[in-house]
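Counted from 1, the sequence shown has number 604 at position 81 by our numbering; the numbering is strictly sequential.
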Amino acid sequence: MAILLFIIGAIFGSFYLVIGTRLPKGENVINDRSRCEYCHKELKWYELIPIFSYVIQKGKCNNCGKRISIEHLIMEIVTASIFLIGYLYFGLTLKLGIFLVIVSVTLIIFVSDFKYMIILDSPLVIGSILIIIIRYFEVGFNGTLYSIFCGIILFFFMFLIKLLGDKMYHRESLGGGDIKLCFLIGLTLGYPDIGIRMSLIALIFSAFLALPYAVATIYLIKKNELPYGPFLISSMVIVFTFIDKFSNLLGLFDIF
Ligand SMILES: [Zn+2]
């Protein structure tokens with residue numbers, strides 16, 4: 524089972540890189556066959572096996588000999604490892620299902636937001652639908668409605684922060700994608716017994732995650748814009764995974 528999860532992770536990771544790279548540019552993801560980005564030769568099936576093909580071909584195209592970007596290998600190994608770790612940590616449970624969904628959305632957002640500062644709608648929509656389905660099996664119909672309600676509350680909460688930020692800085696303070704992402708956060712972390720409190724902890728924790736990167740971009744690269752989506756969603760994955768540890772902080776938000 525662990526080996527299977529690793530292999531599925533490697534295949535999905537390869538696909539997530541394609542989605543995060545091609546979709547923001549308006550390119551076809553499903554029907555277009557994979558090609559070498561230099562000589563555009565269509566890749567054969569044995570050149571498309573994640574991790575394996577890259578290692579066998581020593582990271583070069585079989586046709587033109589140009590280097591294949593290392594990001595393919597990194598993405599495949601990282602996704603495979605996270606899927607494997609998720610299985611070892613959660614076992615075959617519904618929690619593992621939610622973990623795999625949010626990790627998948629996270630990886631796609633990492634690619635598209637760091638590359639193009641874009642958070643795609645389609646992974647958010649598909650991810651939300653999958654979580655709603657799994658949540659139904661976890662807590663039933665009323666519990667699922669409650670989770671959806673938490674998502675809507677967090678969405679409007681973040682929208683309010685954006686409006687305030689826009690007024691204060693006289694420019695766009697938060698991207699639309701970050702706000703839509705908050706629906707997924709509220710939905711995922713909004714269990715009937717804890718409400719939106721865990722989501723608020725995730726929002727605060729995301730600021731701590733982003734801080735070193737923000738300081739580095741502002742002082743080293745002199746840019747005052749940074750993709751926030753990857754930090755928001757990583758924070759959600761961390762809080763969801765270690766929800767027992769974070770529940771000590773719930774008392775901070777008892778008024779909610
Ligand atoms: Zn080539």
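Backbone N, C-alpha and C fix where the C-beta goes; we use that ideal spot for every residue, glycine too.
Q. Which partner residues does K583 have in the DSSP bridge list?
A. R590
Q) What did DSSP end up calling N694 once you bin it into helix, strand or coil? A) The question names Asn, but residue 694 is Arg in the sequence shown. Correct three-state label for R694: coil.
Q. For I605 versus G532, is the C-beta spacing smaller than 8 Å?
A. yes
Q.
ligand 1 and Y561: does any heavy atom of the ligand fall closer than 7 Å to the residue's C-beta?
A. yes
(Q) Given 7 Å as the limit, tell me if C587 has its C-beta closer than that to any heavy atom belonging to ligand 1. (A) yes
Q. Can you give, in chain order, each stretch of the alpha helix (DSSP H) that sits fully within the region 567-646 and has at least 4 residues?
A. 575-579, 593-613, 617-639
Q. Since Y539 and I631 are thought to touch, with beta carbons under 8 Å apart, how far apart are those beta carbons, to the nearest angstrom?
A. 5 Å
Q. Is K581 near ligand 1, in the sense that its beta carbon is under 7 Å from a heavy atom of that ligand?
A. no
Q: Could you check if R658 is buried or exposed, using at least 16 other CB atoms within 10 Å of its CB as the buried criterion?
A: buried
**Q.** Distance, F754 Cα to L619 Cα
**A.** 21 Å
Q) From C559 to C673, what distance separates their C-alpha atoms? A) 44 Å
Q | Whole-angstrom distance between G588 and T711, CA atom to CA atom | A | 45 Å
Q. Hey, is K564 close to ligand 1, as in C-beta under 7 Å from one of its heavy atoms?
A. yes
Q: Between the Cα of T629 and those of L707, S670, Y736, spot the shortest distance and give me the residue it belongs to.
A: L707
Q | Collapsed DSSP secondary structure at E748 in the structure displayed | A | coil
(Q) Whole angstroms are fine: how far does the CA of V760 sit from the CA of V653? (A) A small correction: the amino acid at residue 653 is Leu; Val does not occupy that position in the sequence shown. For L653 and V760, the distance between alpha carbons rounds to 16 Å.
**Q.** Cβ neighbour criterion (16 or more within 10 Å) applied to R784
**A.** This structure gives no information on residue 784, because the portion of the chain shown stretches from 524 to 779.
**Q.** Where the alpha helix (DSSP H) containing V541 begins and where it ends
**A.** 525-545
Q: Determine contact between the region 582-599 and the region 720-739, defined as no fewer than three beta-carbon pairs at a distance below 8 Å.
A: no
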